[in-house]
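Chains as they are written, first to last, in this note's numbering: chain A, 83 to 738; chain B, 83 to 738.
Number of protein chains: 2
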Amino acid sequence: MSYNSTVSAKVSDFEISDLFWSNMMEKVRTQVIPYQWKALNDEIAGTEPSFCIKNFQVAAEITRRNAVTPEEKAKIGSFRGKVFQDSDLAKWLEAVAYSLQVHPNEELEKTADKAIDLICACQQPDGYFDTYYIINGLEKRFTNLKDNHELYVLGHMTEAAVAYYQATGKNKFLETVIRGIDCVDKNIGAEEGKIHGYPGHEILEMALVRLYEITKDPKHLKLAEYFINERGKSPLFFEKETKENENEFAWKDSYFKYQYYQAGLPIREQEKAEGHAVRAVYFYSGVADVAGITEDAGLTEVCRRLWKNIVTRQMYITGGIGQQEYGEAFTYDYDLPNDTAYAETCASIGLAFFAKRMFCMDHDSQYIDVLERALFNGIISGMSLDGKSFFYVNPLEVVPEACEKDRLRSHVKPQRQKWFGCACCPPNIARLLSSIGSYVFAVDGSELYVNLYMGGKLETEVSGQKLTLLSETNYPWDGKISVTYQGEEEVHYTLALRIPGWCRSYQIKVNGEPAVYSLEKGYAKITKTWVDGDSIELIMDMPVAINTSNPKVRENIGRIAISRGPIIYCLEEADNGKDLQMILLGNDPSFHCEYTEDLGGCTVIYSTGWRMINSFNDELYAPKTEPSFERQELKWIPYYTWANRGVGEMLVWVHE
Amino acid sequence: MSYNSTVSAKVSDFEISDLFWSNMMEKVRTQVIPYQWKALNDEIAGTEPSFCIKNFQVAAEITRRNAVTPEEKAKIGSFRGKVFQDSDLAKWLEAVAYSLQVHPNEELEKTADKAIDLICACQQPDGYFDTYYIINGLEKRFTNLKDNHELYVLGHMTEAAVAYYQATGKNKFLETVIRGIDCVDKNIGAEEGKIHGYPGHEILEMALVRLYEITKDPKHLKLAEYFINERGKSPLFFEKETKENENEFAWKDSYFKYQYYQAGLPIREQEKAEGHAVRAVYFYSGVADVAGITEDAGLTEVCRRLWKNIVTRQMYITGGIGQQEYGEAFTYDYDLPNDTAYAETCASIGLAFFAKRMFCMDHDSQYIDVLERALFNGIISGMSLDGKSFFYVNPLEVVPEACEKDRLRSHVKPQRQKWFGCACCPPNIARLLSSIGSYVFAVDGSELYVNLYMGGKLETEVSGQKLTLLSETNYPWDGKISVTYQGEEEVHYTLALRIPGWCRSYQIKVNGEPAVYSLEKGYAKITKTWVDGDSIELIMDMPVAINTSNPKVRENIGRIAISRGPIIYCLEEADNGKDLQMILLGNDPSFHCEYTEDLGGCTVIYSTGWRMINSFNDELYAPKTEPSFERQELKWIPYYTWANRGVGEMLVWVHE
């Protein structure tokens, strides 16, 4: 059992028939991908232009004409948008790649090919192709690795190129990226004469491992290893770089300092998740990849330690991470304010990346529990039910007036937005949801791990033998999963069914009879020789759960959160009126669950409850008297569906 | 009964013998005033220099030499520090003036005289004497009334000059100020050719009324009236000024806009306290003065409305106002976050100013209740028990780690600081505490209102007859007040004793017998002919009170705050351990009060209580189980004494 022997599913291995997920993917395919293509091309009226494609066109023309002087370049055009604007196209291409695997589309592929041609046309003789520096002066490249995102852009390009190669078999993009990485490898590294640097915004680490899995070129793995081990070593490269190149350092007076970049200490000495949350989990994902592949026990322990710090100290119940807007960053253990939460959609996506890698290392269901928590709550809450607008920030408590009149909560929006100047979250959701099939299962030797439950058809190989499994379920609204083995040949293997952390009671049947299984690290493992038509049923009770927080979380004392299965619920003003803080669930509540076609189709929960009767006249403070309450039926909706019916209050942690 | 017939006490009318207040004043006299003088003279090592006296020296020398060109001026020196740095000297002089009234000190008076000579030496032929513009170019004066604080500085100078005149009978400073105001009057006003402006930071309005009370010059009152009525009229002067002079406008993209300055609407149309809290209450104080003096019923109603909005919607239980750091400003009704509170010391001082004026208008004890609440809690919490360090921000919940690692709480300090770059709070505390005697009582016709209870000797006139009252009390630690009339002549008048809002049960005796009194607007009024030796006893029960908030205050649901008399209590980590959020008072608590010499001498409260037993292992979330608690004796200390024993957690609103 190891990272190296574990084979994760490819997107195309699992054909989704599941309503919940096909709807999500359909939104990405029909709404998000076309909309984003328009956005990249500045074709959306009323929003800030992206300049993304325009930058590539300018850089390609500069390259074609071999323009060198600033005057020659200026005639062709200038760079606009964020320094990492190129990455938006990469993320779009990655989402397209996954979508094409599941849903071939000739026209879309043609559009993508043309976009790739444009990227490739920017490539310099030595492999470099970042438009910001091609346009603004190649002599300045690699002088601000800390903030200028060249290696971040290249990381996204690598992820996209690998996905596109896997989707289409075309290797033009892949080869361009490989040449780009060669260029980095020639300029940055441990050897004398090279810049002893590493990416300011991590992602290239995990992208290199992904590339290595295709190329098997040791240089790709070695570069990832170098980045990971060099980072944070004394004397600090970023400090030196900042000084020598007279770059700015935004966090000088902040307690973050270089830990904003996870670069204040070597990774092996880091005890807690710190700094920018997306960077952190992207980095830890890369670290986990390298730890797994190189079987580095020390690095593996580091990953487990940082994982534990996040999920047992700094994670919202929705799977949101990064508590504060300032630096989009972690704060400190047990600090989980609900109404000022940042909990960026991308950070939860990064947490899912990290979780998947940790699973590959340890084959423990706790990682997938967190992945599932993030996926069904803090990630998909980032997209509206119509797929047309997005949250960057995913709070757990919203009072619209506060968003307007209290600066501390002004980053919290009561409504999703169409697009962002820094448009990282929408394409990140798109690439995650398009590739969701690859999270469903994994194979290690003779063991087939089923991690996510959804309806569909799985085709894979276990111990070299092909097999097909059909699964049917109405998960997450129902806890019953039926899996049928289909195949002419008998196959002997172990089916490892994840028993989610939320599940307190379940039964497993094989061909209608109670199954013989062992429970290991949260997986029910059934080992047998499977014959055509063999059926497995996993029946998980899915009652409404009343959750509490560790009392070290100051904000949640005396409060509860409702969940059912993996879904976290919330109260909205639309259903329950204003002043949600005055609502109490009360003792011995009763619950009634009902599937509804509203809100994109979901199970809503009705419960008994109470509302405080406000005995105050017009004063703010008064001596305590016996409080009084009136009954109120409460309606709870899945957290991810909030803010789809206009602006109003929302609350996850409700008074008990 | 009216504002105009009400005579507030002069500082010197009341000779304080009360331990609580003499200690406070002694700190101001022996610590704050000398320390601040050093600070103004840049003689404090390790703190940012003030440059205040230096600026005056430079401006005086420029004036003496009649230096005009920038070159000539530059040879003499430059202006440094904040644009309103002059006001620090004014505030110091005001505090000195009050101190001299109570505690004559020849040397201190000499120092003050010299400082006044320096101010006067800056005066230009037309009366102007703001050092910022004398040094930087008089041609630019009055071009940024919005932000450059000339009129604010003049307001503080006026307050100081009046106080100094009252303290010493010397009129040099007063005459300088009068000429300064003449200059403003010639340049700013309704008449054609004048600038139709008003102060960016209000205070001159109330200062002018104070001056008018001395000079009886209608022009001084008229200017205050003009400022008040012109403010916020359309088209907005500040908008015009900003545009014409190309000034910056910091709040362009903020919801504040010109309401940051209370200048987005005419005062008569304002419904809620908005914008910068100190400016707001300083302004409302001036409005109340003008409303009272001119008997303007409309304006009086405006004052009552804004007062009501503050105290019934936007005031912490400590008397703190201004909920957010951003703009040091009000947010919105019922928004009273405890751990991100701003509640600037100066804002509570301004609230006391406003309260005093509202009392003069309405003779209602509710105003003094708020004054007392602010005074005993959110104001004196601003100063350490040794008088050597100060809080700008007065939060109601502190976790030291949050101050360091959560940017939203970085304005909250767990320890008082020695001095501030923007040093408004320390001298403001000094001038309020030095003048506390003037808040003790007021006379209106034949009625003598006793507003604050403290031990001392009061000498005043009622209906033209002199009288002396001796009061003895151990307030605020004890609710018993003894007042004795002393005098050879019999005097017929009404003694109006304030029955504080916190008091639920009391008795009044005259010469040992139950008193005959009527209760009017919170005052117990005893009308009789008083003869030498007549004694009155007001005996107020002072039990521990358990307070709750209006449930519209989201943060305080399920929480209580402890008070006794006017004192709000808090828990500190030093007494009760870490994780104060895990402490509960519980039902039917018992209390035990004990006077201690610790913490500067105060009554501490011991109570029964509980601490949650943390049943969580290493997880953040778990299904709800029956919570368990262990008994813990709680020690409550007066809120104003917190943070005098090192850094630790503090909590006012404790779980019930």
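Glycine is no exception: its CB is placed at the ideal position from the N, C-alpha and C atoms. As the structure is a computational prediction, the values presented were derived from the model and not from experiment.
Residues near residue i by beta carbon distance below 7 Å, same chain, minus five either side
| i | result |
| --- | --- |
| B:A370 | C385, F436, R439, M440, M443 |
| A:E108 | none |
| B:I144 | K155, I158, I216, I217 |
| B:L515 | M106, M107, V110 |
| A:Q380 | Per the sequence shown, residue 380 of chain A should be read as Gly rather than Gln. Around A:G380: R350. |
Any C-beta of chain B under 8 Å from that of residue i
| i | result |
| --- | --- |
| A:S631 | yes |
| A:P705 | yes |
| A:E483 | yes |
| A:M465 | no |
Any non-hydrogen atom of the ligand GTP within 7 Å of residue i CB
| i | result |
| --- | --- |
| B:L681 | In the structure shown, the ligand GTP is absent, as is every other ligand, since no ligand is present at all. |
Where residue i falls: helix, strand or coil (DSSP)
| i | result |
| --- | --- |
| B:P509 | helix |
| A:V110 | helix |
| B:T193 | helix |
| B:K173 | helix |
| B:I403 | strand |
| B:E257 | helix |
| A:H278 | coil |
| B:G728 | coil |
| B:G647 | coil |
| B:H283 | coil |
| B:Y424 | coil |
Interface residues of chain A facing residue i [CB-CB closer than 9 Å]
| i | result |
| --- | --- |
| B:H737 | I639, G640 |
| B:Q663 | P633, K634, V635, R636, E637, I639 |
Listed by chain order, chain B residues near residue i by CB distance under 9 Å
| i | result |
| --- | --- |
| A:F698 | T630, S631, N632, P633, K634 |
Closer than 7 Å at the beta carbon, the chain B residues around residue i
| i | result |
| --- | --- |
| A:T413 | K487, D488 |
| A:D417 | A484, D488 |
| A:A332 | Neighbours of A:A332 on chain B: none; closest Cβ ~13 Å, over 7 Å. |
Any chain A beta carbon closer than 8 Å to residue i
| i | result |
| --- | --- |
| B:E701 | yes |
| B:M694 | yes |
| B:Y408 | yes |
| B:A627 | yes |
Residue i at chain E interface by Cβ criterion, 8 Å
| i | result |
| --- | --- |
| A:Y337 | Among the chains of the structure shown, chain E does not appear; the protein chains present are A and B. |
Neighbour list for residue i in chain A, Cβ cutoff strictly below 7 Å
| i | result |
| --- | --- |
| B:T422 | L490 |
Where residue i meets chain A, residues with beta-carbon distance less than 8 Å
| i | result |
| --- | --- |
| B:T394 | D700, E701, L702 |
| B:M397 | L702 |
Proximal chain B residues relative to residue i, where beta-carbon distance stays under 8 Å
| i | result |
| --- | --- |
| A:A194 | Going along chain B, no residue has its Cβ under 8 Å from A:A194, so there is no contact; the nearest lies around 38 Å. |
Same chain, Cβ closer than 6 Å to residue i, five either side skipped, listed in chain order
| i | result |
| --- | --- |
| A:A524 | T88, S90, Y531 |
| A:Y364 | E284, I285, G432 |
| B:I563 | Y535, T555, L620 |
| A:G262 | G209, F211, L236 |
Neighbourhood of residue i by C-beta, 8 Å cutoff - its chain only, sequence neighbours within 5 removed
| i | result |
| --- | --- |
| A:W584 | D451, A627, S645, G647, P648 |
Touch check for the segment 142-151 of chain B and the segment 109-127 of chain B: three-plus C-beta pairs under 8 Å?
no
Measuring CB atoms only, is the segment 645-658 of chain B touching the segment 709-722 of chain B, in the sense that at least three cross pairs come out at less than 8 Å?
yes
For the segment 606-617 of chain B against the segment 477-496 of chain B, do three or more pairs of beta-carbon atoms, one drawn from each stretch, fall closer than 8 Å, so that the two count as touching?
no
Three or more C-beta pairs below 8 Å linking the segment 458-465 of chain A and the segment 415-432 of chain A:
yes
Are the segment 561-574 of chain A and the segment 534-550 of chain A touching by the rule of at least three beta carbon pairs closer than 8 Å?
yes
Contact between the segment 264-280 of chain A and the segment 212-222 of chain A is defined here as three or more beta-carbon pairs at a separation below 8 Å; is this criterion met?
no
Indicate whether the contact test is met: 3 or more Cβ pairs, each with one atom in the segment 234-244 of chain A and one in the segment 280-296 of chain A, closer than 8 Å.
yes
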